[in-house]
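A.B. asks: Pasting a structure below so you can have a look.
Chains as they are written, first to last, in the numbering used here: chain R, 12 to 294; chain L, 12 to 816.
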């Protein structure tokens, strides 16, 4: 648990970060909260000769609330939990953040790091897909936007280029009911299965629905077909079952210490049913 | 008595002696970050060591190339087995009579085994150097299943003559270590065959790890000028370590000083000797500089002593009415690559023969076969006396299975089989003499406290509701009545490496009436500095606040066998009381001289000696202490000091009744502890607050073990649970609320009647949690599933029973 030697940089602006990334290529990595990267470096599973700390970059901080919400990449989970206005405009963020790791980690862990790293265990990527968020990236050629639903290719493989930095996430303030349901073995654990659900109502029928699952494949799984199973229905037990069955077809869990594939599918079904029920009650 | 004298109760309270919930004196420094642990020790010019470890569980070493590592700036040495061989230190003796490689000698036997030791100027360079050591391995077939190992042609220990006896008698196979038998085999089998009812089950107590907050480590410092070696380390038995270091290094024992500074939890993990200690000592001797080695968390979990890993096949028989007639057990014990169990020499399976538990079982037989596999060595007593948790888990599961077989309430089955109060001292079928107990009183108190009958009614209703589709949660009531055996132990049958398991205390009273006492034990969080001062306060009448307790420095403390197996209070606590009584005896003579009466005419009264029948004539212990240093008393030497080495006449047998009420979600496999009631009887209670803290801690470790904590291997011998992400260490969030209670049945042979308590909650807690899981599924036909009861395994149990529709 002793990392190899590395050079440490703390630039004051994004241009400084990007020029370092261009200069060192594969040998450089940016670090936000560090709660994924530092353990990998200590295990010597990630060798990072040039480590670029983002914490002095003003541009990456801040939460802008409104019809369109913008959260700077360096915003911590604790910042989200403590932001009363965000808790009222997008309460699913607080509900999900409170289920990430433990308070000590949440003081360090950032939104940007969580979504950019591409770790299938992270909670924010699935949440962002559920919110249909857009990620703002900045590289040598300026900024560009990528949909969260298009961002993840495989474990740790994302749409982000090596010389790009995650700047912020943006999304429309969600409407209707919500739920983030996570089963985990203990505090600090990644999900055995987790579901993010947002449902809006039109009279007694479901108007819109969005479902995404976490840690049940090598990427987060946005379940469009499962969401469609709910739209226009009264979200009866039967409708929920249809959505769950559709979700099961979309996920591809792997066996690990949390259990075999069969159990994970069962747990995914349970957390999604519960999430839909709770979101519908709140819709 | 004059008006100035506080009354007796007030004087007693001022001493903060036995029974006082005195606050822990250690916590002043611990809560302010002022503890002094091994990793806090920094010596001038200190070097750092790090290991190259095997990625394979079983492999031959073809070559080791250290050139690149040696070329790294800051690396001073890279030790391999070849370097240690001329010193005879490439292997070392284990506590179990086996030997263990210090550094891989031709092959490796478990993943993470020590292959080379890099010594460098700082910890980072040491790690960089370790990465540069090139080792060529040839993989060999891996054996992770002990039953498989006993059949396999693959020879794990090629260093041993397959035909030769081991340390504990004949070996049956090249991967077999020992067979240990207790009790009467034929008679037991006969009884079981002819009984009305027999229950048979395989009970597995999985491999887990003590995982103390502070990992193992040491600083070795050889002073080449005066020839003295100082060894600081996380040692639960510093004196025994000094003797072992002397025996294996050839250094004379007076030239070795072992110091255990503050220790951040031991739980058995820090009893044995590890390659890191040997390599650090050698490195310090070679370089003439101090060398520090401290494990990281993965090294701790993967390589230093594990616990349990017992496959216990059992048969228990009874009459139709439920009176137990016999108990039979055959255990297959997975010891890993080397037999490094920490047990008293004559007990290769520890005190597993306490497995008749709290019950009057007339006939019993136990056999244990130790087996080599490709796993890390160890087999320590993780917060228990030697193999007592395994024994308690076994009998408490067998009782539950028998209750199913008899279609009987498990609480009632226990009650009709308890050893009765008038049977003590009770000699068990497997040879132990239980000192004292009152099981029925404790049991009834526990059942009333939790409202047992109502719980059973609620459970029956829950089953109905579940079947009717009204709920997906089941209710389990986990019962346990355990009996521990602690305080090893009588020198006549307990030794480690030939060292009798007595313990010691040396007291010096200072002229102004304060004192220092030194013991052969070492606290790892138990609060010895608090509780031993309380024992002394009551014995010698000086306030506990005026008594310093010191342990862990072999140059100053009297020889003792250390702290593990709940032995400190039963053995060193007794030595403390006995040394205190020597002080008191001398104080009595001094008081009599001062009061100008005969010795027999004064008597001890809390904090003073008074003239019998004239309580206004007295000398306080404070006055007597001063007199011991300033008066010439005919026939009495100056000073007031005493030392006692205590060889206990018997073990002590704490017991308890635990009840766990658990809700189980059959769909997610999640559980919730609704209630946990723990009644402990540890004899005389020294500090109730510390006892309660011990019970809370031990129960939380028990919760971890029962519900998720394990050291798991895959078929290739890779450790699957090498970090705290996968190795379950509960936090406040997972920890339920505990209700503690007690009865008091003093030990008749212990000077103050105390029995030891630190490990009881782990011994009794594991079966209580596990029985609750089993009990929840009993109405659906479950007899036995293996721990740990984590989410997916509980889900699987429910699934196998058809509870998912």
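Note that the Cβ used here is the ideal one computed from N, Cα and C, for glycine as well.
Quick caveat, the model's predicted, so the values are computed rather than measured.
1. Specify the secondary structure class of residue 12 (chain L) as computed by DSSP and reduced to three states.
2. Going by other Cβ atoms of all chains shown within 10 Å of its Cβ, with 16 needed for buried, is residue 139 (chain R) buried or exposed?
3. Which residues, taken in chain order from the segment 249-270 of chain R, show a beta carbon closer than 9 angstroms to some beta carbon of chain L?
4. Just verifying my parser: in three-state terms, what is the DSSP assignment at residue 445 (chain L)?
5. In three-state terms, what does DSSP make of residue 104 (chain L)?
6. Do the segment 485-494 of chain L and the segment 655-673 of chain L meet, that is, are 3 or more Cβ pairs less than 8 angstroms apart?
7. Can you give me the C-alpha to C-alpha distance between residue 107 (chain R) and residue 201 (chain R), rounded to a whole angstrom?
8. Identify the continuous alpha helix (DSSP H) that holds residue 99 (chain R) and give its terminal residues.
9. For residue 17 (chain R), go through chain L and note every residue whose CB falls closer than 8 angstroms to its CB, in chain order.
10. Measure the C-alpha to C-alpha separation of residue 754 (chain L) and residue 558 (chain L) and round it to an integer number of angstroms.
11. Is the beta carbon of residue 205 (chain R) less than 9 angstroms from the beta carbon of residue 137 (chain R)?
12. Distance cutoff 9 angstroms, beta carbons only. Does residue 803 (chain L) sit that close to anything in chain R?
13. Can you tell me which residues form a DSSP beta bridge with residue 31 (chain L)?
14. Using only the alpha-carbon positions, how far apart do residue 147 (chain R) and residue 310 (chain L) sit?
15. For chain L, find out if any of its Cβ atoms is closer than 9 angstroms to the Cβ of residue 197 (chain R); answer yes or no.
16. I want to see whether chain R comes within less than 9 angstroms of residue 12 (chain L), judged by CB atoms only; does it?
17. Assign residue 650 (chain L) to buried or exposed, taking buried as 16 or more other Cβ atoms, counted over all protein chains shown, within 10 Å of its Cβ.
18. Which residues in chain L have a C-beta closer than 9 angstroms to the C-beta of residue 278 (chain R)? List them in chain order.
19. Name the residue from L:428, L:775, L:701 whose alpha carbon lies nearest to the alpha carbon of residue 38 (chain L).
20. Measuring straight from C-alpha to C-alpha, what distance separates residue 347 (chain L) and residue 283 (chain L)?
21. Got a sec: is the Cβ-Cβ distance from residue 723 (chain L) to anything in chain R below 9 angstroms?
22. Could you please give the first and the last residue of the uninterrupted alpha helix (DSSP H) stretch that includes residue 34 (chain R)?
23. State the start and end residues of the unbroken beta strand (DSSP E) segment that holds residue 206 (chain R).
24. Counting only beta-carbon atoms, is residue 155 (chain R) nearer than 9 angstroms to chain L?
25. Alpha carbon to alpha carbon, how far is residue 760 (chain L) from residue 376 (chain L)?
26. Are the beta-carbon atoms of residue 462 (chain L) and residue 578 (chain L) separated by less than 9 angstroms?
27. Name the residue from L:636, L:241, L:333 whose alpha carbon lies nearest to the alpha carbon of residue 599 (chain L).
28. What separation, rounded to the nearest whole angstrom, lies between the Cα atoms of residue 358 (chain L) and residue 776 (chain L)?
29. Which residues in chain R sit within 8 angstroms of residue 308 (chain L), going by Cβ to Cβ distance?
30. Under DSSP, the beta strand (DSSP E) around residue 486 (chain L) begins and ends at which residues?
31. In this structure, what does DSSP give as the bridge partners for residue 374 (chain L)?
32. Using DSSP's beta-bridge definition, name the partner residues of residue 774 (chain L).
33. Just tell me which of L:280, L:531, L:249 has its CA closest to the CA of residue 271 (chain L).
34. Between which two residues does the beta strand (DSSP E) containing residue 76 (chain L) stretch?
35. Does residue 113 (chain R) have its Cβ less than 9 angstroms from a Cβ in chain L?
36. Closer than 8 angstroms by C-beta to residue 121 (chain R): which residues in its own chain qualify, once you throw out the five before and the five after it? Chain order, please.
C.D. replies: The relevant details are as follows:
1. Residue confidence for residue 12 (chain L) is low, a pLDDT of 45 falling below 50, so the modelled location carries little weight; the figure read from the coordinates is stated next. Coil.
2. Label assigned to residue 139 (chain R): buried.
3. So the close ones are 267, 268, 269, 270.
4. strand
5. strand
6. Yes, the segment 485-494 of chain L touches the segment 655-673 of chain L.
7. Straight across, the Cα-Cα distance linking residue 107 (chain R) with residue 201 (chain R) is about 12 angstroms.
8. Per DSSP, residue 99 (chain R) belongs to the alpha helix (DSSP H) from 95-100.
9. Here the premise fails: no neighbours, minimum Cβ distance about 11 angstroms.
10. 29 angstroms
11. yes
12. yes
13. Its beta-bridge partners do not exist; DSSP assigns none.
14. One C-alpha to the other measures close to 41 angstroms.
15. yes
16. Below a pLDDT of 50, predicted positions are generally treated as unreliable, and residue 12 (chain L), at 45, falls in that range; the measurement from the model is reported next regardless. It does not; no Cβ of chain R falls within 9 angstroms.
17. Around the Cβ of residue 650 (chain L), a 10 Å sphere holds fewer than 16 other Cβ atoms; the residue is exposed.
18. Here the neighbours are 678, 679, 680, 802, 803, 806.
19. L:701
20. Residue 347 (chain L) and residue 283 (chain L) have their alpha carbons spaced roughly 15 angstroms apart.
21. yes
22. 25-35
23. 204-213
24. Chain L, which has no Cβ nearer than 9 angstroms to the Cβ of residue 155 (chain R), makes this no.
25. Taking the Cα positions, residue 760 (chain L) is about 28 angstroms away from residue 376 (chain L).
26. no
27. L:636
28. The C-alpha of residue 776 (chain L) is placed about 24 angstroms away from the C-alpha of residue 358 (chain L).
29. For residue 308 (chain L), the residues of chain R that pass the 8 angstroms Cβ criterion are 12, in the order they occur in the chain.
30. 484-494
31. In the DSSP output, where bridge partners are listed per residue, residue 374 (chain L) has L:337.
32. Partner(s): none; residue 774 (chain L) has no beta bridge.
33. Of the listed residues, the one whose Cα sits closest to residue 271 (chain L) is L:249.
34. 70-76
35. yes
36. 43, 44, 84, 85, 86, 87, 88
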